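Asks: Below you will find the structure I want to go over with you.
In the numbering used here, the protein residues as written are 35 to 321.
See below:
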C-alpha cells in the first residue's frame with residue numbers, strides 16, 4: 035500500500051526538477067557567451083547583409099537627394115554638406131551595426147551580471163527545510179503527516195490520492211517553468227536576429243523620410259536588451275515576495291494558499307516572464 039513516505043519522494047523529485055529549470059532560467063539570462071556565439075556563428079551572412087544594406091543606404095540617399103533638389107531654394111552648399119554628412123553617418127552605422135548592437139547589449143546586461151550573485155544564491159524552492167518545501171504542494175496538516183511518515187493504515191487510499199494530487203500540481207508547475215524557459219530562449223533568438231539584420235534598418239538614416247524605421251528598430255532592440263533587467267528584478271522580487279508569503283503561510287492557516295502555494299507562485303512568476311517583453315517595450319516607448 036501507498037504511504038506518506040512515497041509522497042515525500044514525489045515532492046523531492048518535483049522540487050529538484052523545478053530548481054533545475056529555475057537555474058536554467060538564470061543561466062540563460064546571465065550567460066553572455068550564448069548571445070555572442072550565436073551572433074558570430076554566420077560571418078558570411080553578416081557580410082552579405084552589410085553589402086545589401088550599403089546598397090540600400092545609397093538608394094535611400096539618392097531618393098532623399100533627388101527629392102530635395104527639386105526645390106531649388108533648398109540647394110545651398112550648407113544643405114548639400116549636411117546631406118553628405120548624413121550619408122557618411124548612415125554608412126558608419128551600417129558598417130558598425132554589429133558593434134553598436136553588441137555594445138548596447140553588453141551595456142544593459144552588465145546590470146544583470148552585477149546582480150547575478152543575488153539571484154543565483156537562491157533556489158526556486160528552498161530545500162534546506164523539507165517541511166516548508168512540502169507546504170508548497172499540500173496543506174499544513176498533510177505536510178506534517180508526510181514529514182513524519184504517519185502510518186496510513188491498511189486499505190487507506192488517502193496517501194495514493196494525495197500523491198496523485200501532488201504529481202498533477204507538480205506537472206503544471208513544471209509546464210509553467212518550461213514555458214518560461216522557452217520565452218527566455220526566444221529572447222536570445224530575437225536578440226540574434228536583431229543583431230544580424232541591424233544594418234538594414236540602420237541604412238534608413240540616409241533618408242529623412244525613412245529614418246523613423248531606424249529609430250523604431252533601436253527602440254525595439256533596446257527593449258529586448260532591457261528585458262533582461264526586467265527579468266532579473268522580477269526574480270529578485272519573486273524570492274522576496276515568496277519568502278514573505280511562506281512566512282505568513284507557516285505562521286497561520288491561510289485558506290487561499292494552503293496546499294496550492296507552489297502553484298500560485300509558479301503561475302505568478304510564469305505570467306511575469308511572459309509579460310516582461312511588453313513591460314520592456316513600454317519602458318522604451320516602442321509600443
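Yeah, the Cβ is synthetic: ideal placement off N, Cα and C, and Gly gets one too.
Quick caveat: nothing in here was measured; it's all calculated off a predicted structure.
(1) Relative to the C-alpha of residue 225, which candidate in 49, 244, 69, 101 has its C-alpha closest?
(2) Mind pulling the alpha helix (DSSP H) runs of 4 or more residues that sit fully within the segment 109 to 159?
(3) The alpha helix (DSSP H) that contains residue 293, what's its start and end?
(4) Our contact map puts residue 295 next to residue 170 with C-beta atoms below 8 angstroms; I'd like the distance itself, whole angstroms only.
(5) Report the option in 269, 233, 262 whose CA atom is closest to the CA atom of residue 91.
(6) Which class does residue 232 belong to by DSSP, given the choice of helix, strand or coil?
(7) Only counting runs of 4 or more residues, tell me where the alpha helix (DSSP H) segments fall wholly within the segment 201 to 274, in order along the chain.
(8) State the start and end residues of the unbroken alpha helix (DSSP H) segment that holds residue 320.
(9) Tell me which residues share the same chain as residue 378 and place their Cβ nearer than 8 angstroms to its Cβ, disregarding the 5 neighbours each side in the sequence.
(10) Just curious, the alpha helix (DSSP H) that residue 84 is in, first and last residue?
(11) Suppose contacts are defined by Cβ-Cβ distances below 8 angstroms. Is residue 45 in contact with residue 146 by that definition?
(12) Just mark residue 128 as buried or exposed, buried being the case when its beta carbon has 16 or more other beta carbons within 10 Å.
(13) Between residue 195 and chain D, is the shortest Cβ-Cβ distance under 8 angstroms, so that the two count as touching?
Replies: Taking the definition as stated:
(1) 69
(2) 111 to 129, 131 to 148, 150 to 154
(3) Looking at the DSSP string, residue 293 is not in any alpha helix (DSSP H), and its letter there is neither H nor E.
(4) 5 angstroms
(5) 233
(6) It is coil, neither helix nor strand.
(7) 233 to 236
(8) Taken as a continuous stretch (DSSP letters only), residue 320 belongs to no alpha helix (DSSP H), as it is neither H nor E.
(9) Only positions 35 to 321 of the chain appear in this structure, which leaves residue 378 out of reach.
(10) 77 to 103
(11) no
(12) buried
(13) Of the chains in the structure shown, none is chain D; there is only one protein chain.
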